[in-house]
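Q:
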Amino acid sequence: MGLIVQDKQFVIPGDELATGIDYLPANGAYREDDKIYAAQLGLVNISGRLIRVVNLSGRYIPKAGDNVIGKITNIGFNGWMVDIGYAYEAALSLKEATSDFIERGSDLTKYFDFGEVIVAKIVNVTRSKMIDLSMKGPGLRKLKGGKIIEVSSSKVPRVIGKQGSMISLIKEATGCQITVGQNGKVWMLGSDFNKEMLAAAAILKIEQEAHTSGLTEKIDVFLRGSIK
Amino acid sequence: MVSELKSYIESLLSKGVRADLRKLDEYRKPINVEYGISAKSAEGSAKITMGDTVIVAGVKFGVDKPYPDNPDEGSIVVNVELLPLSSPDFESGPPDVDAIELARVVDRAVRESKAIDFKKLCIKEGEKCWMIFIDIYTINEAGNLFDAANLAALAALQDARYPKYDEKTGVVAYDERTSKPIELLKIPISCTILKIGNNLIVDPDLEEEKAMDARLTVATADDDTICAMQKGGEVPLTTEEVKKIVDIAFKKRPELLKYLKK
Amino acid sequence: MITYTKRFDSRKFDETRPMEAKVGVIKRADGSAMFKIGKTVAIAAVYGPKALHPTYMRNPEKGILRCNYNMMAFSGTGERIRPGPGRRSREISLVTEKALASVLDLSEFPNTVIDVFIELIQTDSGTRCAGITAAIMALADAGLIMKDMIASVSVGVVGGKVLADLNKEEEDFENGAVDIPIAITHKDNKITLLQLDGLIKKEQLYEALELAKGSCAKIHELQRKALMEKFTQNGI
Numbered sequence: 032m033g034l035i036v037q038d039k040q041f042v043i044p045g046d047e048l049a050t051g052i053d054y055l056p057a058n059g060a061y062r063e064d065d066k067i068y069a070a071q072l073g074l075v076n077i078s079g080r081l082i083r084v085v086n087l088s089g090r091y092i093p094k095a096g097d098n099v100i101g102k103i104t105n106i107g108f109n110g111w112m113v114d115i116g117y118a119y120e121a122a123l124s125l126k127e128a129t130s131d132f133i134e135r136g137s138d139l140t141k142y143f144d145f146g147e148v149i150v151a152k153i154v155n156v157t158r159s160k161m162i163d164l165s166m167k168g169p170g171l172r173k174l175k176g177g178k179i180i181e182v183s184s185s186k187v188p189r190v191i192g193k194q195g196s197m198i199s200l201i202k203e204a205t206g207c208q209i210t211v212g213q214n215g216k217v218w219m220l221g222s223d224f225n226k227e228m229l230a231a232a233a234i235l236k237i238e239q240e241a242h243t244s245g246l247t248e249k250i251d252v253f254l255r256g257s258i259k
Numbered sequence: 021m022v023s024e025l026k027s028y029i030e031s032l033l034s035k036g037v038r039a040d041l042r043k044l045d046e047y048r049k050p051i052n053v054e055y056g057i058s059a060k061s062a063e064g065s066a067k068i069t070m071g072d073t074v075i076v077a078g079v080k081f082g083v084d085k086p087y088p089d090n091p092d093e094g095s096i097v098v099n100v101e102l103l104p105l106s107s108p109d110f111e112s113g114p115p116d117v118d119a120i121e122l123a124r125v126v127d128r129a130v131r132e133s134k135a136i137d138f139k140k141l142c143i144k145e146g147e148k149c150w151m152i153f154i155d156i157y158t159i160n161e162a163g164n165l166f167d168a169a170n171l172a173a174l175a176a177l178q179d180a181r182y183p184k185y186d187e188k189t190g191v192v193a194y195d196e197r198t199s200k201p202i203e204l205l206k207i208p209i210s211c212t213i214l215k216i217g218n219n220l221i222v223d224p225d226l227e228e229e230k231a232m233d234a235r236l237t238v239a240t241a242d243d244d245t246i247c248a249m250q251k252g253g254e255v256p257l258t259t260e261e262v263k264k265i266v267d268i269a270f271k272k273r274p275e276l277l278k279y280l281k282k
Numbered sequence: 002m003i004t005y006t007k008r009f010d011s012r013k014f015d016e017t018r019p020m021e022a023k024v025g026v027i028k029r030a031d032g033s034a035m036f037k038i039g040k041t042v043a044i045a046a047v048y049g050p051k052a053l054h055p056t057y058m059r060n061p062e063k064g065i066l067r068c069n070y071n072m073m074a075f076s077g078t079g080e081r082i083r084p085g086p087g088r089r090s091r092e093i094s095l096v097t098e099k100a101l102a103s104v105l106d107l108s109e110f111p112n113t114v115i116d117v118f119i120e121l122i123q124t125d126s127g128t129r130c131a132g133i134t135a136a137i138m139a140l141a142d143a144g145l146i147m148k149d150m151i152a153s154v155s156v157g158v159v160g161g162k163v164l165a166d167l168n169k170e171e172e173d174f175e176n177g178a179v180d181i182p183i184a185i186t187h188k189d190n191k192i193t194l195l196q197l198d199g200l201i202k203k204e205q206l207y208e209a210l211e212l213a214k215g216s217c218a219k220i221h222e223l224q225r226k227a228l229m230e231k232f233t234q235n236g237i
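Quick mapping for you: the protein sequence lines, in order, are chains A, B and C. Quick note on this note's numbering: the first sequence kicks off at 32 and runs consecutively. Quick note on this note's numbering: the second sequence kicks off at 21 and runs consecutively. Quick note on this note's numbering: the third sequence kicks off at 2 and runs consecutively.
Laid out in structure tokens, this is it:
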């Protein structure tokens, strides 16, 4: 009875995690009879009675509350369609786009034009995965210039680091503005392209070595080594 | 977004650098040729890795009737499949026009360089000849398929050994391979150069391909002979640019050649 | 009838050919893997969830799985294989799809499709099984929700002997061979692929099924090792 795996243990689908009723399956785990099994590849995370499996790969799955970086792909009567890297585009309505009053029939490209990049918040995801975005909130804005790179969305927590430690390190070392979307898109703008490329290289290094320990120190050394 | 990407890449190139810090005339590393990746099945096979681009090619021999206009010659057939396995941008289905263009450019480099003496593929004039099938597949699409496919095809040809053929029965014994290689009289090497803004670059990655204005593939048969060319893209090239591109192709030839076995 | 006392390649009757597995072999894919058994080499790539066209195929309740099995033109033992899907590869794609779908939970991705592409680079025997074994690793690599892993092997009867993982010579055995491609889930040994060609007594079939479980357990351990090697430091 009880736990069969340890916290942070690597598991694959079908692996037994616990027996008995002391534990409850959360994301990435499921119960069958009196046992809990892994439902995806990842690392075990035990908090209290909850067992989950934290994924290490996979495409971004939108959820309400996430800040994401997306590109305007279409403009309709009621708002904009935005590519956020999911199978289907997300919708940004007139009401959620700005606090300005937009008159019917006005030119919506004045606000957001085709191909422009925004950081927006997901406010609602329906059961059939229709996604609603909003631009109302701190940090939500249009992103101008700069460079966008993509990392696996499962690596986003590593890119940000504990309490934002990792991303702060990169911002300080490169002087770049950096915005990380939960969908794995990362935007950076620096005083020159060398700084942007350095920030991008550091972030791609984090993605590549996300499963290794002492990552913050490694990145620190990498940034120092590259700057001098 | 393409235009923003294009202006970003152009601004980098104008400073003489590329997003992955390569020089403008520098190929990605590593370039790797692995022979015999389907040694049991194919009479010749190879896998090419060029940066993140991975391509495999295989050679199969067949015996067929010569074409009526060349009754004393065999021939080659080159086919390229842009596998949906290799990129989210490729769709299932019959080869699209990009795959056909790629196959034809690889074919022309081998054919026109006279790398293979087609007369030597003749078994009996007007009746039987060898057909050499070169099938090329993308495994990971990360740019510059033209040059990678060319190297893959040549490596597979180098690797190939004729199967045993019984002239009386007309049966090819595929399980009995001889030691006879395909005699390669030339090694045609393809070098593809992109024009982006006012810059010329070799070995483009995917983003550079999206930002391209024009493309010119130059296949060289030896140190001073061109055997095939193919222009792509909608922006014209000046004569000066073409000359520069040809010079780059000749300059890069020995470098690419050294990845293939002698 | 000739009894088969020693295998052509000197393997034990319950022994598979040498195997090799590697995960993450195709960078651009969401998940990918290579599986080699004897001289059969399969690679698999997974893309998705992504938008599904045509629209009428969409399922608002869950995502759908779409498999495509293909032998490269040069991968056969005889003449060149004409490129493009034939009847054989379409049937294999179908049974592969069903074998894999039985453990996948795609309820999180309504209206989308997950594409699985399987390519054979070199073939000897057991290509569909190698494809399934590679594909399930690619699906796990893609981070998809699935109840269990699957391993697949072909078992059979040659010269009156029940054996695991027939090679080409055994498949072509002069007095006839029985070939049974099977896929089995790891956790509770459920069968998700089962085909049979040839004449067999039911006792022999049951014996063959037991043999398949043993082989699949070994394949499963190899799959785990390959997945670990991609995702953990030094494969710990």
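Even for Gly, the Cβ is constructed at its ideal location relative to N, Cα and C.
Under a three-way DSSP split, which group does Glu172(C) fall into?
A: Position 171 of the third sequence, counted from the first residue, corresponds to residue 172(C). Glu172(C): helix per DSSP, three-state reduction.
Q: Considering only the alpha carbon of each residue, which of Gly56(B), Lys80(B), Gly253(B), Leu236(B) lies closest to Asp155(B)?
A: Position 135 of the second sequence, counting from 1, holds the residue named residue 155(B). Checked all of Gly56(B), Lys80(B), Gly253(B), Leu236(B); the closest Cα to Asp155(B) is Lys80(B).
Q: Rounded to the nearest angstrom, how far is the Cβ of Leu194(C) from that of Ile133(C), given a contact under 8 Å?
A: The residue labelled residue 194(C) in the question sits at position 193 within the third sequence. The residue labelled residue 133(C) in the question sits at position 132 within the third sequence. So it is a contact: roughly 6 Å between Cβ atoms.
Q: At least one CB of chain A closer than 7 Å to the CB of Pro55(C): is that the case?
A: Mapped onto the third sequence, residue 55(C) falls at position 54. By this cut-off, Pro55(C) is not an interface position.
Q: Return the residues of the stretch 181-196 of chain B that lie within a Cβ-Cβ distance of less than 8 Å from chain C, sorted by chain order.
A: Taking 8 Å as the Cβ-Cβ cut-off against chain C, the residues of the stretch 181-196 of chain B that qualify are Val192, Tyr194, Asp195.
Q: Roughly how many angstroms lie between the CA atoms of Ile237(C) and Ala143(C), to the nearest whole one?
A: As a first step, residue 237(C) is located in the third sequence; it is residue number 236 there, counting from the start. As a first step, residue 143(C) is located in the third sequence; it is residue number 142 there, counting from the start. Bear in mind that a pLDDT of 41 at Ile237(C), under 50, signals an unreliable position, so the number given afterwards is only what the model happens to contain. Looking at the two C-alpha atoms, the distance is approximately 20 Å.
Q: Are the C-beta atoms of Tyr48(C) and some chain B residue less than 7 Å apart?
A: Taking the third sequence and counting its residues from 1, one reaches residue 48(C) at position 47. Yes, because at least one Cβ of chain B sits closer than 7 Å to the Cβ of Tyr48(C).
Q: List, in order along the chain, the chain A residues whose C-beta lies closer than 9 Å to that of Phe232(C)?
A: Here the question's residue 232(C) lines up with position 231 in the third sequence. Those are Phe41, Leu72, Gly73, Leu74, Leu87, Ser88, His242, listed as they occur along chain A.
Q: Can you tell me whether DSSP reads Val266(B) as helix, strand or coil?
A: Sequence index remark: in the second sequence, residue 266(B) carries index 246 (1-based). Three-state result, Val266(B): helix.
Q: Using a Cβ-Cβ cutoff of less than 7 Å, which residues in the same chain neighbour Ser196(A) once the five nearest sequence positions on both sides are dropped?
A: The sequence position of residue 196(A) within the first sequence is 165, counting from 1. For Ser196(A), where only same-chain residues beyond five positions count, the Cβ hits under 7 Å are Thr247.
Q: Counting only the same chain and skipping the five closest in sequence on each side, list residues whose C-beta sits under 7 Å from that of Ile198(A).
A: Walking along the first sequence from the start, residue 198(A) turns up at place 167. Taken in chain order, the residues that qualify are Val190, Ile191, Gly192, Ile209, Val211.
Q: Roughly how many whole angstroms lie between the Cα atoms of Leu101(C) and Val148(A)?
A: Start at 1 with the first residue of the third sequence, and residue 101(C) comes out as number 100. Start at 1 with the first residue of the first sequence, and residue 148(A) comes out as number 117. So the two alpha carbons sit approximately 38 Å from each other.
Q: What's the call for Phe153(B), buried or exposed, on a 16-neighbour Cβ count within 10 Å?
A: In the second sequence, the residue the question calls residue 153(B) occupies position 133. Classification for Phe153(B): buried.
Q: Is DSSP giving Cys207(A) helix, strand or coil here?
A: Taking the first sequence and counting its residues from 1, the one referred to as residue 207(A) is at position 176. Of the three classes helix, strand and coil, the one that applies to Cys207(A) here is coil, per DSSP.
Q: In three-state terms, what does DSSP make of Thr247(A)?
A: Taking the first sequence and counting its residues from 1, the one referred to as residue 247(A) is at position 216. Helix at Thr247(A).
Q: Please list, in chain order, the residues of the stretch 136-158 of chain A that have any C-beta partner in chain B closer than 7 Å.
A: Those would be Gly146, in chain order.
Q: Which one or two residues does DSSP pair with Tyr70(C) in a beta bridge?
A: Counted from its first residue, the third sequence places residue 70(C) at position 69. According to DSSP, which records beta bridges pairwise, Tyr70(C) is partnered with Ile119(C).
Q: Taking the alpha-carbon positions, what's the Ser76(C) to Ala62(B) distance?
A: Numbered from its first residue, the third sequence carries residue 76(C) at position 75. Numbered from its first residue, the second sequence carries residue 62(B) at position 42. Their Cα atoms are separated by approximately 6 Å.
Q: Is Gly77(C) close to chain B, meaning its C-beta is less than 7 Å from at least one C-beta of that chain?
A: Locating residue 77(C) in the third sequence gives position 76, where the first residue counts as 1. It does: the Cβ of Gly77(C) has a partner Cβ on chain B nearer than 7 Å.
Q: If you drop the 5 nearest sequence neighbours on each side, which residues of the same chain put their C-beta closer than 8 Å to that of Met21(B)?
A: Position 1 of the second sequence, counted from the first residue, corresponds to residue 21(B). Residue placement at Met21(B) cannot be trusted, given a pLDDT of 47 that sits under 50; the coordinates are not used to answer.
Q: Could you give the residue range of the alpha helix (DSSP H) that holds Asn225(A)?
A: Translated into the one-based positions of the first sequence, residue 225(A) becomes position 194. It spans 224-239 - the alpha helix (DSSP H) in which Asn225(A) sits, taken as one unbroken run.
Q: Only counting the same chain, and skipping five residues up and downstream in sequence, which positions put a Cβ closer than 6 Å to that of Ser58(B)?
A: Residue numbering aside, residue 58(B) sits at position 38 when the second sequence is read from its first letter. These residues qualify, in order along the chain: Ser65, Gly78.
Q: His54(C): buried (16+ other C-beta within 10 angstroms of its C-beta) or exposed?
A: To locate residue 54(C), count along the third sequence from 1; it is residue 53. Answer is exposed; the Cβ neighbour count stays below 16.
Q: My output table needs one value for Ala136(C): the three-state DSSP class, helix, strand or coil.
A: Residue numbering aside, residue 136(C) sits at position 135 when the third sequence is read from its first letter. The answer is helix: DSSP assigns Ala136(C) an H, G or I state.
Q: Would Val114(C) and Gly49(C) qualify as a contact pair, given that the criterion is a beta-carbon distance under 7 Å?
A: Locating residue 114(C) in the third sequence gives position 113, where the first residue counts as 1. Locating residue 49(C) in the third sequence gives position 48, where the first residue counts as 1. Against a cut-off of 7 Å, the Cβ pair of Gly49(C) and Val114(C) comes out as a contact.
Q: Could you check what DSSP says for Glu227(B) in three-state terms: helix, strand or coil?
A: Numbered from 1 along the second sequence, position 207 holds the residue referred to as residue 227(B). Note: Glu227(B) maps to helix in three-state DSSP.
Q: Label Arg88(C) either buried or exposed according to how many other C-beta atoms from any shown protein chain fall within 10 Å of its C-beta, with 16 as the threshold for buried.
A: Locating residue 88(C) in the third sequence gives position 87, counting from the first residue. Per the 10 Å Cβ criterion, exposed.
Q: Excluding the five sequence neighbours on either side, which residues of its own chain have a C-beta within less than 6 Å of the C-beta of Lys249(A), listed in chain order?
A: Sequence index remark: in the first sequence, residue 249(A) carries index 218 (1-based). No residues qualify anywhere along the chain.
Q: Gly56(B) to Tyr279(B), Cα distance in whole Å?
A: If you number the second sequence from 1, residue 56(B) lands on position 36. If you number the second sequence from 1, residue 279(B) lands on position 259. Taking the straight line joining both Cα atoms gives about 15 Å.
Q: Which residues, in order along the stretch 79-109 of chain A, keep a beta-carbon less than 7 Å from a beta-carbon of chain C?
A: Listed by position, the residues of the stretch 79-109 of chain A near chain C (Cβ gap below 7 Å) are Asn86, Leu87, Ser88, Gly89, Arg90, Ile92.
Q: Looking at C-alpha atoms only, which residue of Asn76(A), Leu72(A), Asp144(A) is the closest neighbour of Thr104(A)?
A: For the purposes of this step, residue 104(A) is taken as residue 73 along the first sequence, with counting starting at 1. Answer by Cα proximity: Asp144(A).
Q: Would the beta-carbon of Val158(C) fall within 7 Å of that of Leu212(C)?
A: As a working mapping, residue 158(C) is identified with position 157 in the third sequence. As a working mapping, residue 212(C) is identified with position 211 in the third sequence. No.
Q: Consider the Cβ of Lys40(C): report whether some Cβ of chain B lies at a distance smaller than 7 Å.
A: For this step, residue 40(C) is matched to residue 39 along the third sequence. For Lys40(C), the answer is yes, since a Cβ of chain B falls inside 7 Å of its Cβ.
Q: Could you check where the alpha helix (DSSP H) with Phe81(B) kicks off and where it finishes?
A: Your numbering for residue 81(B) matches position 61 in the second sequence. No alpha helix (DSSP H) holds Phe81(B); the beta strand (DSSP E) holding it covers 73-84.
Q: Provide the residue span of the alpha helix (DSSP H) that contains Tyr68(A), from first to last.
A: Here residue 68(A) refers to the residue found at position 37 of the first sequence. Where Tyr68(A) is concerned, there is no enclosing alpha helix (DSSP H), although the beta strand (DSSP E) it sits in stretches over 66-69.
Q: By Cβ distance, which residues of its chain are closer than 8 Å to Glu203(A), with the 5 residues on each side in sequence left out?
A: Position 172 of the first sequence holds residue 203(A). Hits under 8 Å: none found.
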